[in-house]
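Protein chains in written order, with my numbering: chain A, 1 to 284; chain B, 1 to 579.
Think of the CB as a built atom: it goes at the ideal place given N, C-alpha and C, for glycine as much as any other residue.
As the structure is a computational prediction, the values presented were derived from the model and not from experiment.
Structure first, commentary second.
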Amino acid sequence: MPTMKEFGTPAANTWCPGCGNFAILMTVKQALVDLGLRREEVVAVTGIGCHGKFTDYINVNGLHAIHGRVLPAATAIKLANHRLTVIGFAGDGDAFNIGLGHFAHAARRNVDITYVIHDNLIYGLTTGQTSPTSKKGFVTKTSPRGSFETGVNPLTQALTGDASFVARTFAGEPKHMTEVLKKAIRHQGFALVDVLQPCVTWNRVNTYQFYKDRIYKLEDEGHDAGDFDAAYHKVLEWGDRIPIGVFYQEQRPPYHTSFPALKEGPLVDRPLGVDLKKLLDEFR
Amino acid sequence: MKCSGLFDDTVSIIIGGEAGQGISRSGMLLGKALMRAGFHCFGEIDYPSLIRGGHNFYRVRASSREVHSSTPHTDLLVALNEETVSIHLDSVNEEGGVIVDKKLRFDPGEMGRGDVVFYPVPMTEIVKELEGPEIMRNTVALGAVAALIGLSLDSLKEVVAETFEGRPRIIEMNVEALQRGWEYVVEYDYGFRCNVEPGERPERIWLTGNEAVALGAIAAGCRFYSAYPMTPASPVLHYMFAHDEDSGLAVVQTESEISAMLMAVGAGYAGVRSMTSTSGGGFCLMTEGLSMAAMTETPVVIMLGQRPGPSTGLATYSAQGDLLFAVYGAHGEFQRVILAPGDVEQCFYMTAEAFNLAERFQIPVIVLTDKNVIESHKTTEPFDSSKVKIDRGELLTEWSGGDEYGRYRITEDGVSPRALPGTMNALVLANSNEHMERGFSTSDSSLTNDMVDKRFRKTPHIKKAVEALKPIRVYGAEDPDVTLVGWGSTKGPALEAIGMLADDGVKARYVQVAVIEPFPEGLPQHLKGKTILIENNRASPLGTLIKLNTGYGFEHVALRYDGRAFTPHEIRDKALEVA
């Protein structure tokens, strides 16, 4: 089984020193090692933004897609070869601005993928514009008087969208993050992991300290992840206290199990060519 | 086997009424019954974008020779409502007939067509007696049609029984409705001169271009189909869903065309043959995915079924206005192939071949069609799956693990051997950023040049592959007075026009540009005599491409952009004017 080192690549890392992405990269590798997954069995799909470099830095199969389109690409990869473990990575802009239209559909379909949001509440790679998850009043180049839009809450979106696994973790808590990621990857169905990830260059509000002062762990307070109402209550909490952990989890058949053509095994294994005779009879 | 129409050697029948009156199905069934009685048929559906009301009509044209298109001349008009009579009566040939529901209120004497015979049939009454739904009026009408033209009722009964297989009560009612319609007319000797003499049932199939596209994809081993409903391409999606299990296909109705395209690309990356279909508006949304397929070198097939634009345009009609959009749409410079089938047979074989081209060159391939070719029915020889060769190009099924696998290895022909995710010892990294051989992102000047050049080194090989597909197809006279040039669905009416021109003493040929991109070599050598460019658009984009690629400019053009197909007569008249 591969080691942490083997999940690394020789590509030069270009994230800012202190960026929360380093912790996400490390804990994803750790989760894959802990789960005993081989590199060839895993596909990482990324969008556009600082997180998008992930496919350069993690030594698994990868599809670096385009802005906002991680989910349709990841959905199809899972359907084409459901033996693969598919993990999508997206920034908050990628997932909840341009890609929001796909989110509800991947969730309701219960596509068996993990969707990791690098949620830094700001646009990083395009040098500091407001993000859909930026909080009201947040000042950026594109919200000079403070954002007057209400921020998107990824977790309420996930719950109302019928996601079967909804979690949040924090880049400053690597152990917690590893455990949450392992649960998400093991979960059979659509698993959202919203990672609070400080952007050390552009976001001077939602810093490591900001989160350290506020976060608490749901598991420490006896939260029942099987209780939808309790989960819905918890995901609305954002203020002096910010919960992290698994908010909600339910078991329901993942998307690919409903396709009749997949019953005999992955599509990618099926030999090509079909006898047309029966199909043509309909037109004779 | 004989077929005598009132105008030429074809019998042309219109069934018209409101949306929801089963017009399309009756037309399809009549065409199928005529095929089984030994004839060649062409069927065209004309409908506005609505579900109830409006005017729909289906035109079936049959003959003992191959029929390539509709004609504006009608031998027999079946009217399920008054409006159908007023709209189509002018098109009815002298001594032609009009079958109407007896309950319709109008006075044939006031219609100014004393030369046309009206056949009132108590369709509504018969349906009531049979306690059937009102929609069954069209079945009664079909019985009457059969009696008038001399088509045996058996073939109609057979196709009705097959259509409603598993619903014995419906079959029984419909068979009785056919019988009653037939009896009502056959009792009287009207002396209707247009008739058919059925022959042996031929080895032939009757289907639409959409169905042929779907079958072509299935024959090629398409395993993943994702699409968003959009007229006129939705029937491919319906067909795929209806046959997913038998054909080993995963079919997804997506949330948008953006998603449909990205899913097709994702599935292509994972190693299955994948496809999506849409019309122009959906293709707009697909262009970012098209560009991504190009940069990631992922095989994917897109069927673009055109309709008139810009924007929503005429949603249920036909056009050829997206030619240059298909050629140039999407950002960045990259290779693509565009195949343009002109009939149902070409829809099948070209779609099947599209998958080979996509995988051999790891590029997007567009099958460019239009409503006229994909929603019209035509009889054709049964497709031969043994003629569909599967060539997946440089696909690696294993990797030794000696060297590190690089998805974008620099090669002489530009094609990098393609491993699939899941292959042991190989990690497959596809990247929408410019990238190195291993797939990692780069913005390095020399690495960029190397990778761009690698992709462009495919060009001569793509051209060679395309030349093998007979990208320019010539029909008609060897030594013509007039050469008609076109693409896609204009083939049908053009071939009909060539036949008419021969009767006029004018030798004509039709040159079909069947591959649009890369533009085929040698077109000018086929342009003989006076030349006319024929397109279903306003700005003649094929003319633009021909000028660009060959320098040849057309003196004469025939353009039609009202959403309707050319009639053979329009093309003939233009040729006579020029010749």
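Quiz item: Nearest to residue 237(A) by alpha carbon, out of 168(A), 272(A), 198(A)?
Solution: 168(A)
Exercise. Ignoring anything shorter than 4 residues or poking outside the stretch 181 to 263 of chain A, list the alpha helix (DSSP H) runs there in chain order.
Key: 208 to 212, 228 to 235
Quiz prompt | Exposed unless 16 or more other CB atoms sit within 10 angstroms - verdict on residue 462(B) | solution = buried
Quiz prompt | Interface partners of residue 353(B) on chain A, CB under 7 Å | solution = In chain order: nothing, as chain A lies at least about 14 Å away.
Practice problem: Would you check if the distance between the CB atom of residue 42(B) and the CB atom of residue 64(B) is smaller than 8 Å? | Solution: no
Self-check item: Length at least 3, wholly inside the stretch 397 to 452 of chain B: the beta strand (DSSP E) runs in chain order
Solution: 429 to 431
Self-check item: For residue 218(B) and residue 279(A), believed in contact at Cβ under 8 Å, the rounded distance
Solution: 7 Å
Quiz item: residue 205(A): buried (16+ other C-beta within 10 angstroms of its C-beta) or exposed?
Solution: exposed
Quiz item: Would residue 263(B) count as contacting chain A if we go by Cβ distances under 8 Å?
Solution: yes
Quiz item: Can residue 115(A) and residue 193(A) be called in contact, C-beta distance under 8 Å?
Solution: yes
Quiz item: Count the other CB atoms within 10 Å of the CB of residue 460(B); is the residue buried (16 or more) or exposed (fewer)?
Solution: exposed
Exercise. Report buried or exposed for residue 507(B), applying the criterion of at least 16 other Cβ atoms within 10 angstroms of its Cβ.
Key: buried
Practice problem: Look at the Cβ atom of residue 120(A), then the Cβ atom of residue 197(A), and state whether they are nearer than 8 Å. | Solution: yes
Quiz prompt | One or two residues paired with residue 304(B) in a DSSP bridge | solution = 278(B), 368(B)
Exercise. Alpha carbon to alpha carbon, how far is residue 163(A) from residue 33(A)? Give it in angstroms, no decimals.
Key: 26 Å
Quiz item: Taking 7 Å as the cut-off, is the CB of residue 158(B) close to at least one heavy atom of the ligand SAH?
Solution: Of the ligands one can find in the structure shown there are none, so the ligand SAH has no counterpart to examine.
Practice problem: Please name the residue or residues paired with residue 472(B) in a DSSP beta bridge. | Solution: 513(B)
Quiz item: For the alpha helix (DSSP H) that residue 138(B) lies in, which residues bound it at each end?
Solution: 137 to 149
Exercise. Would you mind telling me which residues of chain B sit closer than 8 Å to residue 90(A), beta carbon to beta carbon, in chain order?
Key: Those do not exist, as residue 90(A) stays about 13 Å from chain B at its closest Cβ, beyond 8 Å.
Exercise. Count the other CB atoms, across all protein chains shown, that sit within 10 Å of the CB of residue 357(B); report buried if there are 16 or more and exposed otherwise.
Key: buried
Practice problem: Can you have a look at residue 437(B) and say buried or exposed, based on whether 16 or more other CB atoms are within 10 angstroms of its CB? | Solution: buried
Quiz prompt | Own chain partners of residue 121(B) with C-beta closer than 8 Å, once the 5 adjacent residues on each side are dropped | solution = 99, 100, 101, 102, 140, 141, 144, 181, 184, 185
Practice problem: State yes or no: is the beta carbon of residue 55(A) nearer than 8 Å to at least one beta carbon in chain B? | Solution: yes
Quiz item: So, does the CB of residue 7(A) fall closer than 8 Å to a CB anywhere in chain B?
Solution: no
Quiz item: So the beta strand (DSSP E) residue 331(B) belongs to, where does it begin and stop?
Solution: Residue 331(B) -> no beta strand (DSSP E), and no H or E assigned at all.
Quiz item: Between 325(B), 55(B), 475(B), 398(B), which lies nearest to residue 366(B) when the distance is taken from Cα to Cα?
Solution: 325(B)
Quiz item: Counting contacts by CB-CB distance shorter than 8 Å, is residue 51(A) in contact with chain B?
Solution: no
Self-check item: Per-residue contacts from residue 269(B) into chain A (C-beta, under 7 Å)
Solution: 63, 77
Quiz item: Using DSSP with H/G/I as helix, E/B as strand and the rest coil, what is residue 81(A)?
Solution: coil
Self-check item: CB of residue 122(A) within 8 Å of CB of residue 203(A), strictly
Solution: yes
Quiz prompt | Under the three-state DSSP convention, the category residue 222(B) falls into | solution = coil
Quiz item: Who are the neighbours of residue 102(A) on chain B, taking C-beta pairs under 7 Å?
Solution: 255, 259
Quiz item: Is the shortest distance between the beta-carbon of residue 81(A) and the beta-carbons of chain B less than 8 Å?
Solution: yes
Practice problem: Establish whether the CB of residue 273(A) and some CB of chain B are separated by less than 8 Å. | Solution: yes
Quiz prompt | Pairwise C-alpha distance: residue 306(B) and residue 556(B) | solution = 24 Å
Quiz item: What is the residue span of the beta strand (DSSP E) that residue 119(A) lies within?
Solution: 114 to 119
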